[in-house]
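Number of protein chains: 2
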Amino acid sequence: MNLRDLSKLLGLSHTTVSRALNGFPEVSEETRVRVKAAADLHGYRPSAAARRLATGQSGTLGVVFPRERNLLGDLRFTEFLSGAVQQASDLGYDITLAMASGTQNEENVYRRSVRAARVDGMILSSPLLEDPRIPLLRKLNMPFVLHGRTVSSEPFPYLDIDNEGAFFQAAKLLTDLGHRRIALLNGDTAFNFARDRDVGFRKALATVGAPVDSLLVREGYMNEEHGESEARQLLMLPSQQKPTAFLCSSISQADGVARVVRHMGLEIGRDVSLIAHDDRLQDIRAEIFDPPLTATQSSIAEAGRRVVAILVQHLRHPGEPCAQDVWPVDLVLRESTGPVKSQ
Amino acid sequence: MNLRDLSKLLGLSHTTVSRALNGFPEVSEETRVRVKAAADLHGYRPSAAARRLATGQSGTLGVVFPRERNLLGDLRFTEFLSGAVQQASDLGYDITLAMASGTQNEENVYRRSVRAARVDGMILSSPLLEDPRIPLLRKLNMPFVLHGRTVSSEPFPYLDIDNEGAFFQAAKLLTDLGHRRIALLNGDTAFNFARDRDVGFRKALATVGAPVDSLLVREGYMNEEHGESEARQLLMLPSQQKPTAFLCSSISQADGVARVVRHMGLEIGRDVSLIAHDDRLQDIRAEIFDPPLTATQSSIAEAGRRVVAILVQHLRHPGEPCAQDVWPVDLVLRESTGPVKSQ
DNA sequence: ACTTTATTCCAAAGCGCTTTGGTAATTAGC
DNA sequence: GCTAATTACCAAAGCGCTTTGGAATAAAGT
C-alpha cells in the first residue's frame with residue numbers, strides 16, 4: 003500500500019493525499035479526515051526511503067565513536083544515550099550508532115555519513131579541549147550538537163554542565179570543613195570536563211590560600227580500580243602529606259576509595275571525607291552508598307534528552323541562534339563529609 | 003557530486019558508472035579503474051537514500067526495546083550491542099536504536115519500521131519462553147535474528163549459548179565437591195535463558211539424587227543488590243537449611259553474595275563456594291574477583307558480533323537454511339569453589 | 001452579470017540511484 | 001567472408017515520495 007494506491011482508493015491525486023497527511027493548509031478539513039481514516043484503515047505508512055530521497059532529510063541522528071574507546075562499555079555514556087534515544091523516539095527520530103575503526107577512521111565515518119546523507123545531524127560527546135571534530139563537521143556542513151564544551155572560533159549548539167562550578171562548590175565545602183589536604187581523583191584532563199573540574203578545584207583551594215599539592219591531583223579512568231589504586235597510594239603517605247578528603251569524578255572511583263578507607267580501619271565522614279560527582283546512573287546511587295555520599299549531582303540521562311531536543315530544534319530552525327545550555331550542578335550534602343579531624 | 007555529474011565528467015553513462023562501482027562484470031577492467039579513480043578523486047559517495055529507494059534495502063539493522071525495560075542501563079546488553087555495532091560496521095551496516103513506549107508500543111514500533119522499510123532486519127534479545135515478537139515479525143515478513151531461543155513452530159535464525167549445559171556443569175562441580183544445599187540465584191524465569199539455567203541446575207542435582215529445596219532457588223534482577231539481599235536471607239537460615247554454595251547468574255550477583263559472606267566473617271571457597279556466569283564484561287571480571295571466581299564463561303560481545311553476522315548472512319541469502327548456533331560454555335575453575343566443609 | 005480572490009485539488013517534475021532490455025563493436029567459429 | 005557469440009556500453013523506466021506551478025470551482029466584491 004503506497005501513496006498512489008491509497009490515492010486511487012480515495013479517488014484523489016497523490017498530491018492531495020500527501021498534503022493531507024502532512025498537515026498542509028491547502029486541503030479541506032473534510033478530505034483530510036477522510037484521508038487520515040483511510041490511511042489508518044489500510045495501515046499506510048510513507049516509505050522512509052522515498053521521503054528521504056525527496057526531502058533530503060533522513061529522520062536519523064548519528065552517534066559515532068572510535069572502536070578503541072568503546073563508549074558502549076561506559077555506563078555514563080549508555081545512560082546518556084538512553085536519554086537521547088528516548089527523546090529522539092518522542093520526536094520521531096531514529097538514532098544510529100556507527101563505530102569508527104582502523105582504516106575506517108573517525109573522520110572518514112563522518113565524511114561517509116555526511117555525503118551519503120545517512121543522518122541529519124550528529125551527537126558528539128566527551129569533547130577534547132580543542133576538539134577536531136568541530137571544524138570537520140562544520141566544514142562538511144553537517145549539523146551537530148555537543149555534549150560538553152570545547153574551544154571554537156564560531157558558536158555552535160551544546161549542552162554542558164557547570165563542571166567548574168560543581169567542583170568549586172565541592173572543594174569549597176571541604177575547605178570550609180577545615181580540610182586543606184584534599185585529593186582530586188579526576189578523569190583524563192585531555193577532556194574538557196575534567197579540565198574544568200580541575201580548574202574549579204584549584205580555584206576553591208586558592209580562595210582559602212591553600213596550596214595545591216600536585217601529588218594529590220590524579221587523573222585516569224573513572225572506575226573503581228582507579229579509585230582504589232590511587233587511594234591506596236595516597237593513604238600510605240606520611241601523615242603530613244596524607245589527604246584528609248577525596249573529591250572524585252565518579253561514584254565508581256569513590257567506591258574504590260571507600261573500600262581502601264574501610265580496609266585501613268578508618269571511617270568515611272569522620273576520618274576521611276569523600277565527595278563524588280553523581281551522574282544519576284540507575285544502578286550506582288549516591289544515596290545508597292555506605293555511608294550516603296555527599297555529591298555534586300546532575301542527571302546525564304536528562305542531558306541526553308536535552309541534547310537531542312537542541313539538535314532537532316537546530317535542524318528544524320537552522321537560522322535561529324543555537325542553544326548553548328550550561329546547567330548548574332547541585333551539591334547534595336549527605337554523610338560522607340565531616341569536619342577535618344584535628345591531628 | 004552525484005552519479006550523473008560523475009558520469010558526465012567521465013563521458014560515460016551513469017549506468018556504466020554505477021555498474022563499474024558496484025562490481026558488475028559487464029564493464030571492462032580498464033574503465034572500472036578509471037571510474038573508481040575519478041570517484042575517489044571527486045569524493046563521490048552514492049546517496050544512501052537513493053540507493054535505499056532503488057534497491058529496497060536500507061543497509062540498517064534495528065534494535066527495539068521497551069522504555070520500561072531500559073536495556074541501555076544493562077551492561078550485559080550494551081556489551082552485546084557493542085559487539086553487534088562492531089560487526090555491523092565491518093559489514094557496512096548501521097544499527098539504529100528505537101525505543102517503544104506507551105502509546106507507541108513495541109508492536110507498533112515494529113510495524114512502523116517494517117512498513118517504512120527503515121531497517122532490513124531486526125535483532126531481538128532476551129526472548130521470553132514463548133516470545134510474541136517471533137510470530138509478529140514473521141507475519142510482517144521482517145527478517146530477524148534472535149539472541150537466545152524460544153519456542154516456535156517454524157525454524158528461524160538464532161544464536162544462543164548452552165545455558166542448561168553451563169549450569170548443569172557448574173552445579174555438577176558443586177555436587178562433586180560434596181555440596182548438596184546449593185542456592186541458585188537466577189534471573190527472571192520469564193526469560194528463556196533463566197529457565198534453561200534452572201533446568202540445568204535441577205538436572206545436576208537430580209543426577210546425585212539431591213532434592214531441590216525451592217527455598218534456595220531465587221530469581222530477580224541480576225544485580226548486586228539482589229545477590230546481597232538474597233544471600234543475607236539465605237545465610238540466616240538454620241544450619242540444616244543454609245546453603246553451602248551459591249550459583250549465580252551474574253558476577254554482579256556474586257559480588258553481592260561475597261559481600262554478605264565476608265560480612266559474616268566467612269571465607270569464600272572455604273566456608274561457602276561460589277560460582278557465577280561470566281559474560282566477559284569489560285569491567286566486571288571473574289579473574290580479578292576476590293578470590294578469583296570459578297565461572298561459566300561466554301563472551302556476550304562475541305555473541306553480538308556473531309548475531310549480526312548471522313542476520314546479514316540471512317539477508318543476503320534468504321533461501322538458505324538459517325544458522326542456529328548454540329555455543330558451548332566453558333567452566334573455568336578458580337578459587338571460589340572448594341569441598342563442602344564437614345559440619 | 002463580470003471580475004477578483006480564496007479555496008481545493010491536480011499533473012508533472014524531480015530526488016539519485018538500480019536494473020531491464022537493449023544496441024553497437026569486437027571477437028570467435030565454420 | 002558470413003554468422004554467432006561475446007564484450008562494452010547506454011537509454012529509459014522505475015523506486016515512492018515531496019513540491020512547484022497551475023487549473024477548476026466556489027465565494028465574494030463591484
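So the protein lines, in turn, are chains A and B. Under this note's numbering, the first residue of the first sequence is numbered 3, with each subsequent residue one higher. Under this note's numbering, the first residue of the second sequence is numbered 3, with each subsequent residue one higher. In this text, a Cβ means the ideal position worked out from N, Cα and C, and glycines have one as well.
Can you find the residues in the same chain that come closer than 8 Å, C-beta to C-beta, to residue i, ignoring five residues on each side of it along the sequence?
i: Arg183(B); result: Asp215, Leu218, Gln243, Lys244, Pro245, Thr246, Ala247
i: Val263(B); result: Ala233, Leu237, Glu269, Ile270, Asp273, Val274, Leu276
i: Arg54(A); result: Ser60, Gly61, Ala119
i: Tyr112(B); result: Val66, Met124, Arg135, Leu138, Leu139, Leu142, Met144
Would DSSP call residue i helix, strand or coil?
i: Thr98(A); result: strand
i: Ala41(A); result: helix
i: Thr62(A); result: strand
i: Asn24(B); result: coil
i: Tyr112(A); result: helix
i: His316(A); result: helix
i: Ala247(A); result: strand
i: Gln235(B); result: helix
i: Gln326(B); result: strand
i: Leu389(B); result: Any answer about residue 389(B) is impossible in this case: the structure gives chain B only from 3 up to 345.
i: Arg220(B); result: strand
i: Gly271(A); result: coil
i: Leu93(A); result: coil
i: Ser84(A); result: helix
i: Val331(B); result: coil
i: Asp257(B); result: helix
Checking contacts by CB at 8 Å: is residue i closer than that to chain B?
i: Glu81(A); result: yes
i: Gly272(A); result: Note that residue 272(A) is Arg in the sequence shown, not Gly. Answer no: the Cβ-Cβ gap between Arg272(A) and chain B never drops below 8 Å.
i: Leu93(A); result: no
i: Arg151(A); result: no
i: Asp96(A); result: yes
i: Asn225(A); result: yes
i: Leu138(A); result: no
i: Pro213(A); result: no
i: Gly340(A); result: no
i: Ala288(A); result: no
i: Ala39(A); result: no
i: Ala260(A); result: no
i: Arg117(A); result: yes
i: Arg135(A); result: no
Do you know how far the Cα of residue j is from the Cα of residue i?
i: Thr339(B); j: Ile253(B); result: 14 Å
i: Gly180(A); j: Ala208(A); result: 14 Å
i: Ala196(A); j: His279(A); result: 11 Å
i: Leu138(B); j: Pro159(B); result: 15 Å
i: Pro293(A); j: Gly25(A); result: 56 Å
i: Glu221(A); j: Leu295(B); result: 29 Å
i: Asn110(A); j: Val314(A); result: 24 Å
i: Thr57(B); j: Ala51(A); result: 10 Å
i: Leu161(A); j: Asp76(A); result: 20 Å
i: Tyr46(A); j: Thr17(B); result: 33 Å
i: Ala40(A); j: Val19(A); result: 10 Å
i: Leu73(A); j: Pro157(A); result: 26 Å
i: His44(B); j: Leu23(B); result: 14 Å
i: Val342(B); j: Ala206(A); result: 56 Å
Check whether chain A comes within 8 Å of residue i, counting only Cβ atoms and requiring the distance to be less than that.
i: Gln284(B); result: yes
i: Ser154(B); result: no
i: Leu77(B); result: yes
i: Gln255(B); result: no
i: Gln299(B); result: no
i: Leu74(B); result: yes
i: Met144(B); result: no
i: Leu55(B); result: yes
i: Val87(B); result: yes
i: Ser49(B); result: yes
Between which residues of its own chain and residue i is the CB-CB distance below 7 Å, once the five residues before and five after are set aside?
i: Pro213(A); result: none
i: Thr191(A); result: Arg197, Asp200, Glu221
i: Ser15(B); result: Ser9
Leaving out five residues before and five after residue i in sequence, what residues of the same chain have Cβ atoms less than 6 Å from its Cβ?
i: Ser103(A); result: Arg69
Segments assigned alpha helix (DSSP H), at least 4 residues, entirely inside the stretch 273-311 of chain B: none
field: Segments of 3+ residues assigned as beta strand (DSSP E) that fall wholly inside the stretch 173-218 of chain A
entry: 184-188
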